[in-house]
Amino acid sequence: TMNPDNCVIVLETLRKATSQNAEQLKPAEQQLKCWETEKWFYSALLSVFSDHSVEVNVRWLAVLYIKNGIERYWRKTATNAIAEDEKKLLRQKMISNFNEPVNQLALQLAVLVSKVARFDCPAEWPELVPTLLQVVRSPEDLPQQRALLVLHHVTKSLASKRLAGDRRVFQELASNIFGFILQLWTNQTEGFLGQMASNQESVGILLEKSYLCLKVLRKLAVHGFKEPGRVPEATMFLTLVFQWMKPMLQCRKSLRCSSHPQLRQICEKYVVLFTKVLHDVLELHPFSYVPFIKPSLECAISLCFTEAGEGLLFERFIVQSLNLIKAIVSCAEYRPCKIPDDTQDPATLEAAQVKMSFFTYSTVTEMCRRLVLHYFLLTEEELATWDNDPEGFASDGGGEAWKFCLRQCTEVLFLTIFHEFRETLAPLLLEMVQGIQPTVDANSISFQAMLNRDAVYTAVGLAAFDLHDDLDFDNWFLHVLIPELKVSDPRYRIVRRRVAWLIGQWVGVKLSPELRPVLYKTLVECLDPSEDLVVRLTA
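Start counting the sequence shown at -15; every next residue gets the next number (the working numbering).
The following block contains the structure:
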């Protein structure tokens, strides 16, 4: 049987289990499997893991065995459950090492602690959070960073517990530590932004620590308060998110890919995390978010729809920002009843008022124009995919793709604002359609004009239901769209494919039955083997 001093034999067996020699490897794996239910096995594994002089791949295997053991045998009700005295020893050991030199192993340790915390915190492990906060106060960079990493995983794990008692425990945790972490985050971020201006070499650890604080604050703010809007520190946190959004984007821009790829990547994750904080509060606490509707719209629209964002943006951030605009426009809590009554929440009326005063005629029309003539344009990358993987290009990403992909995200935002501001935008879109000259000769049309045509037709297809009464589709189909499909120039495939798609969008909305034969005849011609594959697949 095992005892707490069995480290040597466990270490030797782990070494054999990481060997390339099958004769050593197989028996070692079987031996480790036999020990899974032995008392003190996990303590021996943790001792091996905690010894920094042991080879990294051996320590890695040790931590994987501990992780599996916690999942299977930590619950008191589990068969072959880990004994209480061993658990106590494991808990103590897990939070006595904050100098782990290897990043991936530090992450694994943080995950271990969070798994145990989910079972045992706070009842069986009251000292966990105080110990972490004590190390977070450390003047040394490495222990402070490691303790923040563990705190992040612990808060993430505890925030995901949904029972009423667990939520009360998490709210108590939030009220106890939020102010301290907010102050720490403020200091780290100000330190980072200050040093970025003078010396980019030593900012890495400051940025990492600031990023971990932000991750902790996100979970605390979103899941730790019933109404964050009534907690001054939580509203202060959201105010700082807006204050630091642009400086962080500028830092990312100033960090060159070639010299600081890792720092630049953390900066990208950082600003995306800002947008996730805003999304979460809006989704789970819409009334607390009302004071932040205007700054959200100002920030997202100035960055994504004006020159203010030039050189600062990257795709993931644009997607998150556009989805934030969409979420505000379509938020059910921000829509007053058609017939005003006394039961209406005053915050709903305030939110509706903020939205109305923000979305002026010029703002809405400029957004629509830019969505169509900037974001809807096919990119070089998409055209390359068209050539290299036509089937992949032709299958549009349905489902949840709008949450992650720029094209689908811009289309969903366009639909949302078009539906909301139909009276303003329908005439504008019809004007754009009329601005497209009929194609007399494909050779005379520039490539840019083709891309613009594709974009406008995309908008008309997406808005089919909202344009039902404004567009004489039969007439347009006969005199514009069918001639478009007959232009056989290979370059014109972009427009032919879009027209085939557009007809598909409108056919169930508004097309006279007597025009069906013409429609079928035209689409059958698009299926000719000489036609481009994407056009055929669309038709």
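The C-beta atom is built at its ideal place from N, Cα and C for all residues, glycine as well.
Assuming leucine 177 and proline 123 are in contact, meaning their beta carbons sit under 8 angstroms apart, how far apart are those beta carbons, in whole angstroms? Incorrect: roughly 21 angstroms between the Cβ atoms, too far for contact.
Does any residue of chain B have a CB that is nearer than 7 angstroms to the CB of tyrosine 254? Here chain B cannot be found, since the structure has a single protein chain.
Just mark valine 113 as buried or exposed, buried being the case when its beta carbon has 16 or more other beta carbons within 10 Å. buried
Option nearest phenylalanine 398 by Cα separation, candidates Thr259, Lys210, Leu413: Leu413
To the nearest angstrom, how far is it from the Cα of cysteine 288 to the Cα of glutamate 364? 20 angstroms
Proline 474 versus aspartate 371 - alpha carbon distance: 12 angstroms
Rounded to the nearest angstrom, how far is the Cβ of leucine 257 from that of leucine 196, given a contact under 8 angstroms? Contact check for leucine 257 and leucine 196: beta-carbon distance about 11 angstroms, past the 8 angstroms limit, so the pair fails to qualify.
Return the residue from the list Tyr26, Leu507, Leu157, Phe221 that minimises the CA-CA distance to glutamate 70. Tyr26
Within the continuous alpha helix (DSSP H) that includes cysteine -9, where are the two ends? -9 to 1
Nearest by alpha-carbon distance to tryptophan 169: which of Pro245, Ser186, Val225, Glu111 is it? Val225
Quick one: using the 10 Å Cβ neighbour count with 16 as the cut-off for buried, is leucine 268 buried or exposed? Exposed is the label assigned to leucine 268, since fewer than 16 other Cβ atoms lie within 10 Å of its Cβ.
Reduced DSSP category for arginine 121 - H, G, I as helix; E, B as strand; rest coil: Look at arginine 121 here: in three-state DSSP terms it is coil, with no helix or strand label.
Rounded to the nearest angstrom, what separates threonine 259 and asparagine 459 at their Cα positions? 45 angstroms
Looking at tyrosine 49: is its Cβ nearer than 7 angstroms to the Cβ of leucine 73? Their beta carbons are not under 7 angstroms apart, which means tyrosine 49 does not touch leucine 73 by this criterion.
Counted within 10 angstroms of its Cβ, other Cβ atoms place glycine 383 as buried (16 or more) or exposed: exposed
Environment of tyrosine 345 [buried if 16+ CB atoms lie within 10 Å]: exposed
Let me know the secondary structure DSSP gives arginine 300 once reduced to three states. helix
May I ask which residues mark the beginning and end of the alpha helix (DSSP H) holding histidine 263? 245 to 268
Are there 16 or more other CB atoms within 10 angstroms of the CB of methionine 416, so buried, or fewer, so exposed? buried
Rank Leu126, Ala205, Cys251 by C-alpha distance to the C-alpha of threonine 223 and give the top, closest one. Of all alpha-carbon atoms in Leu126, Ala205, Cys251, the one lying nearest the alpha-carbon of threonine 223 is that of Ala205.
At 4 residues or longer, and completely inside the stretch 367 to 405: list those alpha helix (DSSP H) runs for me, N to C. Here the runs fully enclosed are 374 to 378, 390 to 404.
Compute the distance between the beta-carbons of cysteine 57 and alanine 67, then report whether it is under 7 angstroms. As written in the sequence, residue 57 is tyrosine, which differs from the cysteine given in the question. Contact flag unset, no.
Neighbourhood of threonine 400 by C-beta distance below 6 angstroms, restricted to the same chain and skipping five residues each side: Lys310, Val313, Ser314
Helix, strand or coil: how does DSSP classify threonine 63 here? coil
Just checking, does the stretch 296 to 305 make contact with the stretch 240 to 250 on the three C-beta pairs under 8 angstroms criterion? no
Please check the pair alanine 46 and valine 32, which I expect to be a contact at CB under 8 angstroms, by giving their CB distance rounded to whole angstroms. 5 angstroms
Chain-order list of residues whose beta-carbon lies under 7 angstroms from that of glutamate 334 (same chain, five-residue window excluded): Val274
Just verifying my parser: in three-state terms, what is the DSSP assignment at alanine 548? A question about residue 548 goes unanswered here, because the residues of the chain that appear run from -15 up to 523.
Taking the straight line between their C-alpha atoms, what separation do you get for alanine 292 and glutamine 76? 52 angstroms
Collapsed DSSP secondary structure at cysteine 241 in the structure displayed: coil
Which residues in the same chain have their Cβ closer than 8 angstroms to the Cβ of serine 305, if we skip the five residues on either side of it in sequence? Thr259, Cys283, Ala284, Leu287, Cys288
Restricting to runs no shorter than 4 residues, where is the alpha helix (DSSP H) found entirely within the stretch 426 to 479? DSSP runs (the alpha helix (DSSP H)) wholly in the stretch 426 to 479: 431 to 446, 457 to 460, 466 to 469.
Valine 493, DSSP secondary structure in three states: coil
Pop quiz: arginine 236 and glutamate 252 are said to be a contact at Cβ under 8 angstroms. What is the actual Cβ separation, rounded to whole angstroms? 6 angstroms
For my contact list, serine 98 and lysine 145 are in at a C-beta cut-off of 8 angstroms; report their separation, rounded to the angstrom. Actually they do not touch by this definition, with Cβ atoms about 12 angstroms apart.
Alpha carbons only, please: which of Thr349, Met220, Ala439 is nearest the one belonging to leucine 166? It is Met220 whose Cα lies nearest to the Cα of leucine 166.
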